[in-house]
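This report concerns only the one structure given below.
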Amino acid sequence: MEKESFVDRVVSDLAFAGEVAEVLWSRPRALEELVREPRVLRALREDAALFSVLLLRLPSGAFRPFPFQIEFLRDGSKRVVVCCGRQVGKTTMAAAKAVWFAVMHVGVTVLIVSRAMRQSMWLFRKVREMIFESSVLRKLVVGRGAGTTMTQIEFKAPLSSRIVALPPGAEGDTIRGLTADLLILDEANFIKPSIVTSVCLPMISATDGYLIMISTPEYGEHPFMEAFEHAEEWGYSKYHFPSSIAPIPSVEARERFLEEQRRTIPSDEFVREYMAVLPDESDQLIKSRYIHACVEDYDLIAEDDLLERRFSADWAGYDPGGRQNPAAFVALKKEGEVARVVFIRERLGEEYGAFSAFVKFACDRLGLQRIAVDETGLGKPIVEDLINMGLPIKPVNVTKPVKLDLFRWLTICFEQGRVVIPDYEKLLLQLKSIRRRYVKVTSDRTVRTRLEISHPPNVQDDIVYALALALYMLGKEPKGVFISIPRKESF
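Right under this line is the structure:
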């Protein structure tokens, strides 16, 4: 094939370009010569998909984007919003876009922001892999310590671009005042709305920069979901990628996996995580926006850490569970008017004596002042044992009215921001799974409604229950406080 025809086909046929890249990976000089061809270089500047196929490589092999990823990579819009399910390759395609933008534009800053450092570093790790697995791109990078660090990659002059990954901090303090030519908000729906609007968006105003918001949907009344819902009106390119769109490892295997998930996780969670659609929250006890407003990026005290040293906490809640239900222990530390979750322990099948021995140990190592314990059912002898151990136990007889009180106070604490919780997946899932419903009750010719609190059969509520017991130590609910539970009956 003549050179002109060969170049024509490389820049116009993505599949052929992929085949050429496979051959030239073992011949880096030949690949560099191809990239230097003026028509190829011009095409690479204009087409992030071609750039990805020719120059990017993963530890597992060549990067071959799916058709929906190619559409995203080729989108040159200033504003892009992507709502996607799990396992569609969103991290990979976002990383590819970041690398392409930094390499094909001179002197630009690409800033990757996620709610937590772990999430930022996950995407940044993918960026590093793509660059350092490429024989062409890794030559462009400034050496470690001279501009390339664990959170930043800097490219040599005359390119002089850089890619930076940072978490925003609790209120955006770690990124406030930065500017970016391309801003990628990874898992954007999990970043506080105030940080998105007041800290992140101003970063691209001075540069007339580009914005990509990409996330699994979590809750409405957030800039991410508002941009997705009003994309045409606001001038955004909009993409919706449910998990079924990615045939990994095959269409049949993906269908089997999704069907398995549909059977084993709550329907709301499946709709959100895999169909990339916000579920109906009308019967959800605590709305997701309140839950996520109370989430901060920090680590819980590990059980092994208790062996090494003492910590300072205040209260704890203990749900003894049962034969089919796990036991859970949650400890809180008071910080002004706020209670922070600092320790969580959950066990299924552990003997009550062993768990009680741990509670005594934890009480000593955490310096607990009070432990609220559910004494209904099997809890009564456990409470007696704990009291005999000399522990500061507050027995709670969880009758139906008391259970409603517990969960109403739990709701108030989240709605008023009186509690801080870590990004702990099981706790978040349980909080979102607690449901409320009203049932009609007829007695003495009188019909009234009664509120019931429940959870799906395939999701436990033990950690939430222990948390509710611990928060009970904050005090009784103040009168007249507005909460989202309609008062159709007296609690």
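For what it's worth, our numbering labels the leading residue of the sequence shown as -10, then goes sequentially.
Beta carbons: idealized from backbone N, C-alpha and C, even for Gly.
- Query: Thinking just about the alpha-carbon of each residue, which of Leu380, Gly368, Lys349, Ala282 is nearest to the one in proline 411?
  - Reply: If you number the sequence shown from 1, residue 411 lands on position 422. Answer by Cα proximity: Ala282.
- Message: Pairs of beta-carbons, one from the region 143 to 152 and one from the region 47 to 67, closer than 8 Å: are there three or more?
- Response: no
- Message: The beta strand (DSSP E) that contains threonine 80, what's its start and end?
- Response: Taking the sequence shown and counting its residues from 1, the one referred to as residue 80 is at position 91. Here threonine 80 belongs to no beta strand (DSSP E); instead the alpha helix (DSSP H) covers 79 to 93.
- Apart from the five residues on each side of it in sequence, which residues of its chain come closer than 7 Å, Cβ to Cβ, to isoleucine 382? Counting from 1 along the sequence shown, the entry for residue 382 is found at position 393. Hits under 7 Å: Ile360, Val362, Val372, Leu375, Ile376.
- Coil, strand or helix - threonine 400 by DSSP: Sequence index remark: in the sequence shown, residue 400 carries index 411 (1-based). Annotated three-state conformation of threonine 400 is helix, per DSSP.
- Could you work out which residue in Arg334, Leu274, Leu357 is closest to arginine 424 when comparing CA atoms only? Here the question's residue 424 lines up with position 435 in the sequence shown. The residue with the shortest Cα to Cα distance from arginine 424 is Leu274.
- Query: Roughly how far, in whole angstroms, is the beta-carbon of arginine 312 from the beta-carbon of lysine 322, given that I think they are within contact range, below 8 Å?
  - Reply: Within the sequence shown, the letter at position 323 stands for residue 312. Within the sequence shown, the letter at position 333 stands for residue 322. About 32 Å separates the two Cβ atoms, so there is no contact after all.
- Query: Apart from the five residues just before and just after valine 331, which ones in its own chain have a Cβ nearer than 6 Å to its Cβ?
  - Reply: On the sequence shown, position 342 is the one that residue 331 refers to. Excluding sequence neighbours, valine 331 sits near Ile290, Ala302, Ala320, Lys322.
- Local Cβ density within 10 Å of phenylalanine 113, reported as buried at 16 or more and exposed below that: Counting from 1 along the sequence shown, the entry for residue 113 is found at position 124. Counting Cβ neighbours within 10 Å, phenylalanine 113 comes out buried, since at least 16 surround it.
- Query: Are valine 206 and valine 266 close, meaning C-beta to C-beta below 8 Å?
  - Reply: As a first step, residue 206 is located in the sequence shown; it is residue number 217 there, counting from the start. As a first step, residue 266 is located in the sequence shown; it is residue number 277 there, counting from the start. Strictly speaking, residue 206 in this sequence is proline, with valine absent from that position. Yes, these two residues count as a Cβ contact at 8 Å.
- Helix, strand or coil: which one does DSSP assign to glutamate -7? Within the sequence shown, residue -7 is the residue found at index 4, counting from 1. DSSP places glutamate -7 in helix when its eight states are reduced to three.
- Round the Cβ separation of threonine 163 and methionine 192 to the nearest angstrom and send it over; I've been treating them as touching at under 8 Å. Mapped onto the sequence shown, residue 163 falls at position 174. Mapped onto the sequence shown, residue 192 falls at position 203. With a Cβ gap of about 13 Å, threonine 163 and methionine 192 do not count as contacting.
- Alpha carbon to alpha carbon, how far is methionine 214 from valine 70? Give it in angstroms, no decimals. Along the sequence shown, read from residue 1 onward, the residue named residue 70 stands at position 81. Along the sequence shown, read from residue 1 onward, the residue named residue 214 stands at position 225. Rounded to whole angstroms, valine 70 to methionine 214 spans 9 Å at the Cα level.
- Message: For alanine 105 and aspartate 286, I'd like the C-alpha separation in whole angstroms.
- Response: For the purposes of this step, residue 105 is taken as residue 116 along the sequence shown, with counting starting at 1. For the purposes of this step, residue 286 is taken as residue 297 along the sequence shown, with counting starting at 1. Near 6 Å, if we compare the C-alpha coordinates of aspartate 286 and alanine 105.
- Task: Please classify cysteine 72: does DSSP put it in a helix, a strand, or coil?
- Result: The residue labelled residue 72 in the question sits at position 83 within the sequence shown. In this structure, cysteine 72 counts as strand in the three-state DSSP scheme.
- Length of the line joining the Cα atoms of serine 473 and valine 409: To locate residue 473, count along the sequence shown from 1; it is residue 484. To locate residue 409, count along the sequence shown from 1; it is residue 420. Because serine 473 carries a pLDDT of 39, less than 50, the predicted location of this residue cannot be relied on, and the following value inherits that uncertainty. So the alpha carbons of these two residues sit roughly 19 Å apart.
- Query: In its own chain, which residues sit with a C-beta less than 6 Å from the C-beta of phenylalanine 350, not counting the 5 before and 5 after it?
  - Reply: As a first step, residue 350 is located in the sequence shown; it is residue number 361 there, counting from the start. Same-chain partners within the cutoff: there are none.
- Task: Tell me whether valine 9 sits in a helix, a strand or coil according to DSSP, three-state version.
- Result: Within the sequence shown, residue 9 is the residue found at index 20, counting from 1. For valine 9, the three-state secondary structure derived from DSSP is helix.
- Message: To the nearest angstrom, how far is the alpha carbon of isoleucine 452 from that of phenylalanine 52?
- Response: Numbered from 1 along the sequence shown, position 463 holds the residue referred to as residue 452. Numbered from 1 along the sequence shown, position 63 holds the residue referred to as residue 52. About 41 Å.
- Message: Could you check whether the Cβ of phenylalanine 121 sits closer than 8 Å to any Cβ belonging to chain C?
- Response: Of the protein chains in this structure there is only one, and it is not chain C.
- Could you name the residues that DSSP lists as bridge partners for glutamate 324? Looking up residue 324 in the sequence shown gives position 335. According to DSSP, glutamate 324 bridges with Val327.
- Message: One question on the structure: do glutamate 335 and alanine 317 come within less than 8 Å of each other, judged by their Cβ atoms?
- Response: On the sequence shown, residue 335 is found 346 positions in, with the first residue counted as 1. On the sequence shown, residue 317 is found 328 positions in, with the first residue counted as 1. Yes; because the gap between Cβ atoms is below 8 Å, this pair is in contact.
- Exposed unless 16 or more other CB atoms sit within 10 angstroms - verdict on asparagine 178: On the sequence shown, residue 178 is found 189 positions in, with the first residue counted as 1. Its Cβ being crowded by 16 or more others within 10 Å, asparagine 178 is buried.
- Neighbourhood of proline 6 by C-beta, 7 Å cutoff - its chain only, sequence neighbours within 5 removed: Taking the first residue of the sequence shown as position 1, residue 6 is located at position 17. Sequence inspection shows alanine at residue 6; the proline mentioned does not correspond to that position. Counting only Cβ-Cβ distances below 7 Å, and skipping sequence neighbours, we find Val(-1), Leu39, Val42, Leu43.
- Task: Determine the contact status of aspartate 175 and alanine 83, defining contact as a CB-CB distance below 8 Å.
- Result: Counted from its first residue, the sequence shown places residue 175 at position 186. Counted from its first residue, the sequence shown places residue 83 at position 94. Against a cut-off of 8 Å, the Cβ pair of alanine 83 and aspartate 175 comes out as a contact.
- Message: DSSP three-state label for glutamate 26, please.
- Response: Numbered from 1 along the sequence shown, position 37 holds the residue referred to as residue 26. Residue state, collapsed to three classes: coil.
- Task: Please list, in chain order, all residues of the same chain as tyrosine 341 whose beta carbon is under 6 Å from its beta carbon, the five residues on each side excluded.
- Result: Looking up residue 341 in the sequence shown gives position 352. Once the five neighbours on either side are set aside, the close Cβ partners of tyrosine 341 are Ile371.
- Query: Among the residues of its own chain, which have a CB less than 7 Å from the CB of glutamate 118, if the five just before and after it don't count?
  - Reply: For the purposes of this step, residue 118 is identified with residue 129 of the sequence shown, where counting begins at 1. Correct list, in chain order: Leu47, Pro48.
- Message: Let me check understanding here. Comparing Cα to Cα, which of Ser204, Glu143, Ser443, Thr98 lies closest to isoleucine 120?
- Response: Locating residue 120 in the sequence shown gives position 131, where the first residue counts as 1. Ranking Ser204, Glu143, Ser443, Thr98 by CA distance to the CA of isoleucine 120 puts Glu143 first.
- Message: Please classify methionine 378 as buried or exposed, where buried requires at least 16 other C-beta atoms within 10 Å of its C-beta.
- Response: As a position in the sequence shown, residue 378 is number 389, starting the count at 1. With fewer than 16 Cβ atoms within 10 Å of its Cβ, methionine 378 is classed as exposed.
- Task: Locate the beta strand (DSSP E) running through proline 384, then write down its first and last residues.
- Result: The residue you call residue 384 lines up with position 395 of the sequence shown. 382 to 385 is the span of the beta strand (DSSP E), which, as asked, contains proline 384.
- Query: To which residues of the same chain is tyrosine 263 closer than 7 Å at the C-beta, ignoring the five residues directly before and after it?
  - Reply: Your numbering for residue 263 matches position 274 in the sequence shown. Taken in chain order, the residues that qualify are Gly74, Arg75, Pro231, Ser232, Leu247, Gln250.
- Task: From the DSSP output, in three-state form, read off aspartate 2 for me.
- Result: Against the sequence shown, residue 2 aligns to sequence position 13. The answer is coil: DSSP assigns aspartate 2 none of H, G, I, E or B.
- Query: Do you know offhand how far phenylalanine 403's Cα is from aspartate 64's?
  - Reply: Locating residue 403 in the sequence shown gives position 414, counting from the first residue. Locating residue 64 in the sequence shown gives position 75, counting from the first residue. Cα to Cα, phenylalanine 403 sits roughly 39 Å from aspartate 64.
- Leaving out five residues on either side along the sequence, give the residues of the same chain with a beta carbon under 7 Å from the beta carbon of isoleucine 280. The sequence position of residue 280 within the sequence shown is 291, counting from 1. Same-chain partners within the cutoff: Phe403, Leu417, Leu420, Lys421.
- Query: For arginine 426, which residues from the same chain have a beta carbon less than 8 Å from its beta carbon, with the 5 sequence-adjacent residues on both sides left out?
  - Reply: Taking the sequence shown and counting its residues from 1, the one referred to as residue 426 is at position 437. So the list reads Asp272, Leu440, Glu441, Ser443, once near-sequence residues are dropped.
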